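Numbering (the numbering used here), first residue to last: 1 to 532.
All residues carry an ideal CB built from backbone N, CA and C; glycine is no exception.
Source: prediction; values computed, not measured.
Let me begin by presenting the structure, written as structure tokens, before commenting on it.
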Ligand SMILES: Cc1cc2nc3c(=O)[nH]c(=O)nc-3n(C[C@H](O)[C@H](O)[C@H](O)COP(=O)(O)O)c2cc1C
């Protein structure tokens, strides 16, 4: 019998892509079986949220000092805006007869395994209970009401994953992508809340089983058997001067006994031809138990100021993944590169204010085209523990030259890595045609050995950094793309790593995009106003 940690190491190993053997996935894609990216519960009340599209009253640059943004009142208008900026639609794309929605939060393959719930205990807003956010129609679906009411001023947002959405296309590696997406979604929520002067507090003590009970995810009869939803995380939304301690303890015993549940999850896909039981096993091996509360105090960072005056909502809504980059465009200004990297260092701003854990993810960068910076391989640790441990683990001939950017950025080797980056990223040109791309190197074996559920948190931290890169790229008038498809051990080989002590869990690329002129862009919520 494997321990949980052994099972996680084994899964991680078998879900690696190798140049001659990709992780196990479907032999062919049955497009008729593509899961519906929008979960809807049938048989429950739907509460429309105020018309989407409102602008928050702050610039993206203001989010560097979130404490200066005036807290908006808690009402359905402001809650709706937060949900929209975090998980709502940002546009539709059309190519010939095909039309698909994009959202403010990105997702591997645009499959969107992440579901969002609002737990509202404030009877002045809504009958206290649990509400599912149905982003397609920008409304709340009433899943549960508590009787007698559990009264508090507070609201909470919880996230869950429907792994099937992702495994339909990506097979066994999908469990990783669902975790990346959760990290992106948590960061998206943190930015969205900050636009309203609010703050997200991740309740990292809560056990998964308890969260499943609170979200009704353990109510098997409400879900199609092969389309379960797995709890990920829950956050308290701190509005202005709310008490600093969360008012609700999310354990099973505290769930109101007289909760009344409504609705059944609609079927997502008809056939389920392929099965990926290893993912169900990973849900069990990485299930989080109740732990002690940890809350970090973050230092106020001194980020290089952003000159871009764009409204925060406009920037969040314009975020897209670049599908191609212009390798012939001018190099990225050094000031922009410095700002983007600075934003990845923990400081008292979103999304770090929603992240209670020490930095365990560090960056190996391929600099391709950045003004006044030699192309080559660079490394940036994201904690203050120094670089000796990396020097001892990495290739012995790396230079470890300090750069003078005011960042812990070290120059390791000179040379063009454009081709290497493409090859490492499953031969995707986006990794080499950009200004720079990077691998997120995680403190892997020790973290998983200490608590196997932290496997998921490592990916969340990567997703969090990915969301920063997406938004900072937009602010620098370029664009980013997350890269989940890469050859894990080739990347480790570039750094001279041979064991599981350090593992690269996510890649990312940033640069000037090329637009696909064949695609038509349509407004996000036109379909709501077109309704009779
Ligand atoms: C975890 C993750 C992994 C991704 N991996 C890739 C990738 O390997 N290659 C790629 O071209 N795009 C990748 N993407 C980008 C998605 O395809 C993109 O987010 C999705 O199509 C939605 O489009 P949008 O980001 O413009 O909203 C990834 C995105 C995420 C969040």
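- Only buried fits residue 344, as 16 or more other CB atoms lie within 10 angstroms of its CB.
- Taking C-beta atoms under 8 Å as the contact rule, residue 136 and residue 524 fail to qualify, at a distance of about 10 Å.
- DSSP, reduced to helix, strand and coil, places residue 178 within a helical segment of the structure shown.
- If you draw a straight line from the Cα of residue 381 to the Cα of residue 342, it comes to about 12 Å.
- For residue 277, the enclosing alpha helix (DSSP H) has its first and last residue at 277-285.
- Uninterrupted beta strand (DSSP E) stretches at least 3 residues long and entirely within the region 328-405 occur at 361-367, 376-380, given in chain order.
- Distance from residue 222 to residue 258 at the Cβ level is roughly 18 Å; contact not present, criterion being Cβ atoms closer than 8 Å.
- Take the alpha-carbon of residue 340 and the one of residue 438: they are about 12 Å apart.
- Looking only at 495, 480, 494, the smallest Cα-Cα distance to residue 513 is reached by 480.
- Taking the Cβ atoms as the reference, residue 306 lies roughly 4 Å from residue 61, within the contact range of under 8 Å.
- Between residue 482 and residue 417, the C-beta spacing is not below 8 Å.
- Judged by DSSP secondary structure, residue 466 falls within the alpha helix (DSSP H) whose first and last residues are 454-475.
- In the DSSP assignment, residue 198 falls within the beta strand (DSSP E) that extends over 198-202.
- By the Cβ-count criterion, residue 354 is buried, with 16 or more other Cβ atoms from all chains shown falling within 10 Å of its own Cβ.
- Residue environment analysis places residue 1 among the exposed positions, since fewer than 16 neighbouring C-beta atoms fall within 10 angstroms of its C-beta.
- Of the candidates 40, 206, 448, 357, the residue whose Cα lies closest to the Cα of residue 266 is 40.
- At least one heavy atom of ligand 1 falls within 7 Å of the beta-carbon of residue 102.
- Using a cutoff of 7 Å, the CB of residue 279 does not count as near ligand 1, since none of the ligand's heavy atoms is closer than that.
- In the displayed model, residue 418 falls within a helix according to three-state DSSP.
- The beta carbon of residue 177 sits closer than 7 Å to at least one heavy atom of ligand 1.
- Taken atom to atom, the span from the alpha-carbon of residue 359 to that of residue 530 is near 46 Å.
- Distances from the CB of residue 442 to the heavy atoms of ligand 1 are all 7 Å or more.
- The shortest CA-to-CA distance from residue 108 to any of 32, 164, 316, 14 is the one to 164.
- When 215, 463, 374 are compared, the shortest CA-CA separation from residue 333 is found for 374.
- Counting only unbroken stretches of 3 or more residues, the beta strand (DSSP E) elements lying wholly within the region 205-251 are 230-239, in sequence order.
- DSSP links residue 311 through a beta bridge to 59.
- Proximity to residue 443 across 288, 414, 361 peaks at 361, based on C-alpha coordinates.
- DSSP, reduced to helix, strand and coil, places residue 48 within a strand of the structure shown.
- Taking C-beta atoms as the reference points, residue 141 and residue 44 count as a pair closer than 8 Å.
- Residue 506 sits close to residue 440, with the two beta carbons spaced by under 8 Å.
- In this structure the region 63-70 lies against the region 192-200, because at least three pairs of beta carbons, one per stretch, are closer than 8 Å.
- In the three-state DSSP reduction, residue 104 falls in the coil class, being neither helix nor strand.
- DSSP, read as helix, strand or coil, puts residue 491 in helix.
- DSSP lists 259 as the bridge partner or partners of residue 146.
- With contacts defined by Cβ atoms closer than 8 Å, residue 495 and residue 394 form a contacting pair.
- A check of alpha carbon separations from residue 312 across 12, 10, 58 identifies 58 as the nearest.
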